[in-house]
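**Q**
Number of protein chains: 2
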Amino acid sequence: MTNRIQQDGMFHRCRTAVSQYFPILSWLPAYRREDLVSDLLAGAIVAIMLVPQGMAYALLAGLPPQAGLYASIAPLIIYGVLGTSRTLAVGPVAIVSLLVASSVGALAESGSAEYVQLALALALLVGIIQVVMGLLRVGFMVNFLSHPVLTGFTSAAAIIIGFGQLKYVLGISLPRAEHFYETIIGLAERVEETNWVTLAIGVGSIAILFYFKLGVSKQLQRWGIVGSTAAALAKTAPFVVVLLGALLVWGLQLNEGAGVRIVGDVPSGLPPLTLPPLNMAVWRMLLPSALAISFVGYMESISVAKSLASKRRQKVDPNQELIALGAANLGAMLTGGYPVAGGIGRSAVNFAAGARTGLASMITAVLMALSVIFLVPLFYFLPQAVLASIIIVAVSGMVDVKTFRHVWRYNKADGLSLIVTFFAVLTIGVEMGILAGAGAALLLFIWRTSQPHVAVVGQLEGSEIYRNVLRHDVRTCPKAAAVRIDGSLYFANCKALEETILGIMADQPHVEHIVLIGTAINAIDASALETLESLNDELKDAGITLHLAAIKGPVLDKLQSIGFVDHIGASQIHETTHGAMKVIGCV
Amino acid sequence: MTNRIQQDGMFHRCRTAVSQYFPILSWLPAYRREDLVSDLLAGAIVAIMLVPQGMAYALLAGLPPQAGLYASIAPLIIYGVLGTSRTLAVGPVAIVSLLVASSVGALAESGSAEYVQLALALALLVGIIQVVMGLLRVGFMVNFLSHPVLTGFTSAAAIIIGFGQLKYVLGISLPRAEHFYETIIGLAERVEETNWVTLAIGVGSIAILFYFKLGVSKQLQRWGIVGSTAAALAKTAPFVVVLLGALLVWGLQLNEGAGVRIVGDVPSGLPPLTLPPLNMAVWRMLLPSALAISFVGYMESISVAKSLASKRRQKVDPNQELIALGAANLGAMLTGGYPVAGGIGRSAVNFAAGARTGLASMITAVLMALSVIFLVPLFYFLPQAVLASIIIVAVSGMVDVKTFRHVWRYNKADGLSLIVTFFAVLTIGVEMGILAGAGAALLLFIWRTSQPHVAVVGQLEGSEIYRNVLRHDVRTCPKAAAVRIDGSLYFANCKALEETILGIMADQPHVEHIVLIGTAINAIDASALETLESLNDELKDAGITLHLAAIKGPVLDKLQSIGFVDHIGASQIHETTHGAMKVIGCV
């Protein structure tokens, strides 16, 4: 009997573990028929967006257009099984494509077989990094990238991407640029070679896309179509311009007549089974980029997944999301794709169109597979300028001046780390730039906390309350200085604390007692402990007694356990500031 | 008349600025005759220590012995003029010498003219870095090196130094080792070539030094010599073993008879005027090492300077100390020396022997100059084993197992950063090792603060006090969750905060209000502000109202100025937790 219960218990634990790693098991058994309609509609609308976006982002990454379509099949099915978000739309995204272009582009010629192979290797590394981070449950590490750093990075990346597409809109040939300024110089030098027909197609396409983005939704509502459906229909714009563009070029034979560059032959049929090169030297070279893509792709995915889930009181598990994204990348690696992430725009559409479960993602995948088989020949005449215009419009919203103003007004240090990241990405490149930005943010954080706010306090007449002597009319005691430290003590600020206390000691020769008030001290690390110990000794040598007052329970427990309370003397530890002042004889 | 007052005012300000940068002006005018006796005695005792130490550390740095003596003259005079510590004893120190050996050793052959030139270039760079950091008042940057990282670094460096000297004690020849393991392998392979006479001298010298260190002070006190004088006399041990060693080798002609390696010719006379090579490529290669030396040398100096100053209720100015040390290094560069710092042992002796002002440092310098002129010929027969034994005994106290145990018991994360630094220094080298350690400490700090302690609180029956529901028997309200966050909100922990709140929302479907209690929030950075904004929107979407209670004045001011208070609604901001619960209707 006991055995039976134990087995049941094990079975239960086992089942819990399985459904933790396979979230599909938590929604599939409870799947209802009415969910299917929503999931079908959402999946279809995302697929309509994804066909042109997939091809466009693949070109941005320096890959043939089919790589973007292939990356929109297997990864989406895998994410549907493993993802904890019900609405995240995984696939090729702009920023990751830029990172692929900048890292693989430095190692191989765009369009070469080697280039495609390196993109697969990158997907493998990203997949491994994300899965391992998820299994180790160290998703918190992405916290290193602060919001201002990400904003600065995204804005600069959007500018690099946008200007990089201008050559397609202008219809001019430019070699791949290693640095942003080379793109600008190249464009300026060759602007007179502009192909005017291409430019007209590109500008027309941009105009249509912006009209859909800004005006069409209201127009549709005026025609009596409800808001959410109207918004979803507005998102089909890329598909519309792709069809119009292809028809126009085919109808007027602009590719031959006017030299408009077209996408050309895209092989149709399901993705091939692929494997990246097993070359340690290559992997080592790609590793820094793979880390950047893993972090940036995950940050983008998790933030949109969380925000959408909370709208329905659902929850996403950050570490399981890492595993799911990593597995999706491994799927991309095996099926001729390249690194993927959760897209912000498509996920929002998926959510708005009513996606209920991961089945929506799988439906998108099936439709993408059908597109690769049947639709691809239609894109032969698709002008590259149209794909470029889709990218330009997509990234135009990512240059975030509003956030910069907001952050700068709120906190100069945060604003500075945004600016540093922005200009570092534009000047030294996307990967080194984000690294420099993260480093700057850490330095500024250390600097900001290296001087904790310290207030000398006095007694509010007739009360047991002690307030800053500089802000309140309070009574102080000549022989004792009561000092409140507004911050946790750790290695970066303990020297400043020591200086402050020793400064008080040197400046006020009559002081016999110094009371440290710990109401705002949430933690004391080993460096700060050592500082407190030496401070105590130094004060003792100078004939001054150190007191601690109002130290929080957990902090005091630790000080007790390491023997610091005995070291300083238990009679010097006080429950409250007032209690300390009483013992000293000031009140 | 007004003009006169203005001029006086300007004169006064000007004088203040001058005496800020030249601390000698604050003590020299008030110099008293009785100070002179103390300064003379202290200066002399330090000089007696410094003659053998200077030569020994120069050899450790891979330089000829006179470089250590030269580095003990001009830098000490400059520090006496510019230093704010009255007792810091500047000159060659062990750790900096090791860093010089590891950086210059990788670029030139030890003993070559190029090597000496590179050491001068290093002193120039260290001097410039320190002076500039001091003038920019960015001394806080050294706070990046936490106490555990420094302990791990120092312990590992001491082991590398100690084992590096063993070849001199054993009297065997070994090529310079790039890595620590090469030293160990080299010693193991050649141990049978040991010169037994050399070994006897070395071991005897170590025994005498340890006896002086541990036993002689008590012996002297038993003979009626007072404690501090006895302690000071005990510090003359290196000088004693140097004299004994030189006499022994000279008397028995052990250098020729038994093959004991001696120091040999050391040029006598004052230091030459020197200039480092003006070669940008060289400077760029030395820059990382120069940064490490600047930081480590300054950390060592400032910690001992502060600790000694506080014993007499004096104060040191950290930024002026950077300027003084930097200028001392520039002095070393001009006079055939190499990078210097404040020594822990010698400064303690200087203090104990009664040094009152910077004059003690200048007296040491004058005696060192006299030594270079008159004493140096006596050291011809000095065995290298004796100098090695001085180094070994000096660094033996630097392996700090006690601090490791203490730190490990107190805080595992700090203990881990100590271990990482220790093993990184031993395996990948001194400079990369300390960098890796500092990086690990930062990572661990972010990890530690990435999950702020969050407590759901309830009302203590019949009071206005709210306490953790897990620790106290408190009353909670089904429709509101009150959450206290024990830590400042910044980029590394705002995601965790969001997850916690969204988790409460998802787990407790009946909750209509969430109250964030800010008693322990000392700051909110831009990332956290953004998180609060999106959290507020997400909660609103889910039909939940977000409240803030007991936010500190300065934090609330900032939230107000950026419009967050209006965004969330001024009626959702409450002075106290109890006030919030009243408005919600829970009490």
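Protein sequences appear in the order of chains A and B.
The numbering of the first sequence is the numbering used here, which starts it at 1 and goes up by one.
The numbering of the second sequence is the numbering used here, which starts it at 588 and goes up by one.
Just so it is clear, CB atoms sit at the ideal spot from N, CA and C, and this is done for glycine as well.
Keep in mind that this is a model prediction, so the values were computed, not measured.
#1: Quick one: grab the DSSP three-state call for Tyr31(A).
#2: Grab me the residues of Phe961(B)'s own chain with a C-beta within less than 8 Å of its C-beta, minus the 5 sequence neighbours each way, in chain order.
#3: Starting from Lys1082(B), find everything on chain A with Cβ-Cβ shorter than 9 Å and list it in chain order.
#4: Whole angstroms is fine: what's the gap from Ala821(B)'s alpha carbon to Ala743(B)'s?
#5: Nearest-angstrom Cα distance between Gln560(A) and Gln572(A)?
#6: Strictly below 8 Å CB to CB, what residues from chain B border Tyr298(A)?
#7: I'd like to confirm the pairing. Which residues does DSSP put opposite His513(A) in its beta bridges?
#8: Using 7 Å as the threshold, is the C-beta distance between Val420(A) and Gly433(A) below it?
#9: Tyr1077(B) versus chain A: which residues are under 7 Å apart at the beta carbon?
#10: Say whether the stretch 316-336 of chain A touches the stretch 119-137 of chain A, bearing in mind that this needs 3 or more beta-carbon pairs closer than 8 Å, one atom from each stretch.
#11: Below 7 Å between beta carbons: does that hold for Gln130(A) and Leu254(A)?
#12: Cβ closer than 8 Å: which chain B residues qualify as neighbours of Lys311(A)?
#13: Shortest alpha-carbon distance to Ala355(A) belongs to which of Asp400(A), Leu308(A), Tyr338(A) and Ala369(A)?
#14: Throw me the rounded Cβ distance for the Ala928(B) and Val680(B) pair, which I believe falls under 8 Å.
#15: Kindly indicate the opening and closing residues of the beta strand (DSSP E) around His1059(B).
#16: Got a sec: which bits of the stretch 1149-1161 of chain B sit with their beta carbon under 7 Å from any beta carbon on chain A, in order along the chain?
#17: With a threshold of 7 Å between beta-carbons, can Met949(B) be considered close to chain A, or not?
#18: If we cut at 7 Å on Cβ distances, does Pro148(A) have a partner in chain B?
#19: Check the Cβ of Arg409(A) against every Cβ in chain B and list those closer than 8 Å, keeping chain order.
#20: In chain C, which residues lie with their C-beta within 8 Å of the C-beta of Met505(A)?
#21: Between Asp557(A) and chain B, is any beta-carbon pair separated by less than 7 Å?
#22: Can you tell me which residues form a DSSP beta bridge with Ala1042(B)?
#23: With DSSP run on the structure shown, which of helix, strand or coil describes Gly678(B)?
#24: State yes or no: is the C-beta of Val376(A) within less than 7 Å of the C-beta of Gly245(A)?
#25: How would you list, in chain order, the residues of chain B whose beta-carbon sits under 8 Å from the beta-carbon of Leu125(A)?
#26: By how many angstroms is the C-alpha of Ala1011(B) removed from the C-alpha of Thr738(B)?
#27: Interface residues of chain B around Ala441(A) at Cβ under 8 Å?
#28: Run through chain B and tell me which residues come within less than 8 Å of Leu502(A), C-beta to C-beta.
#29: What are the residues that DSSP puts in a beta bridge with Leu1076(B)?
#30: CB Ile1091(B) to CB Ala1067(B), shorter than 7 Å?
#31: Where does Asp473(A) land, buried or exposed, given buried means 16+ other C-beta within 10 angstroms?
#32: At the 7 Å Cβ level, is Gly487(A) part of the contact set with chain B, yes or no?
#33: Quick one, which of Glu1086(B), Val687(B), His1100(B) and Gln607(B) has its alpha-carbon nearest Gly884(B)'s?
#34: What residues of chain A sit near Glu1018(B), judged by a beta carbon separation below 8 Å?
#35: If we call anything under 7 Å between Cβ atoms a contact, is Ala348(A) one with Val149(A)?
#36: Strictly by DSSP, which residues pair up with Tyr1053(B)?
**A** According to the data block:
#1: When secondary structure is reduced to three states using DSSP, Tyr31(A) falls in the coil class, being assigned neither helix nor strand.
#2: Here the set comprises Ser855.
#3: Chain-ordered, the chain A residues with CB closer than 9 Å to the CB of Lys1082(B) read Gly139, Phe140, Val142, Asn143, Ile302, Ser303, Lys306 and Pro318.
#4: Rounded to whole angstroms, the separation of the alpha carbons of Ala743(B) and Ala821(B) is 27 Å.
#5: Cα to Cα, Gln560(A) sits roughly 13 Å from Gln572(A).
#6: Correct list: empty, because the minimum Cβ distance to chain B is about 11 Å.
#7: DSSP, once it has assigned bridges, lists Ala480(A) and Thr545(A) as partnering His513(A).
#8: Cβ distance not < 7 Å, so Val420(A) and Gly433(A) don't count as in contact.
#9: Using a Cβ-Cβ cut-off of 7 Å, Tyr1077(B) is close to Phe445 of chain A, given in chain order.
#10: Touching, per the Cβ criterion.
#11: Cβ atoms of Gln130(A) and Leu254(A): not closer than 7 Å.
#12: Those within 8 Å of Lys311(A) in chain B are Glu1125, Asp1128 and Ala1129.
#13: The shortest Cα separation from Ala355(A) among Asp400(A), Leu308(A), Tyr338(A) and Ala369(A) belongs to Leu308(A).
#14: 5 Å between Cβ atoms; contact.
#15: Counting along the chain, His1059(B) falls outside any beta strand (DSSP E), and DSSP gives it neither H nor E.
#16: Against chain A - using a Cβ distance shorter than 7 Å - the residues of the stretch 1149-1161 of chain B are Ile1149.
#17: Taking a beta-carbon distance threshold of 7 Å, Met949(B) does not count as an interface residue toward chain A.
#18: By this cut-off, Pro148(A) is an interface position.
#19: At a beta-carbon threshold of 8 Å, the residues of chain B lying near Arg409(A) are Ser1148 and Ile1149, ordered along the chain.
#20: No chain C appears in this structure, whose protein chains are A and B.
#21: Not closer than 7 Å to any Cβ of chain B, the Cβ of Asp557(A) fails to qualify, so no.
#22: Beta-bridge pairing links Ala1042(B) to Arg1071(B).
#23: Three-state DSSP puts Gly678(B) in a strand.
#24: Taking 7 Å as the Cβ cut-off, Val376(A) and Gly245(A) do not qualify as a contacting pair.
#25: The contacting residues do not exist; Leu125(A) stays about 21 Å from chain B at best.
#26: Thr738(B) and Ala1011(B) have their C-alpha atoms roughly 13 Å apart.
#27: Going along chain B in sequence order, the residues near Ala441(A) (Cβ under 8 Å) are Phe1078.
#28: What Leu502(A) touches in chain B, judged by beta-carbon distance under 8 Å, is Lys893, Ala896, Ser897 and Lys902, going in chain order.
#29: Partner(s): Ile1111(B).
#30: For Ile1091(B) and Ala1067(B), no; Cβs fall outside 7 Å.
#31: Counting the other CB atoms within 10 Å of its CB gives Asp473(A) a total below 16, which places it among the exposed residues.
#32: Yes - at least one Cβ of chain B is within 7 Å of the one on Gly487(A).
#33: Nearest of Glu1086(B), Val687(B), His1100(B) and Gln607(B) to Gly884(B), Cα basis: Val687(B).
#34: Within 8 Å Cβ-Cβ: nothing; Glu1018(B) doesn't reach chain A, min ~18 Å.
#35: Contact: no.
#36: Gln1046(B), per the DSSP bridge assignment.
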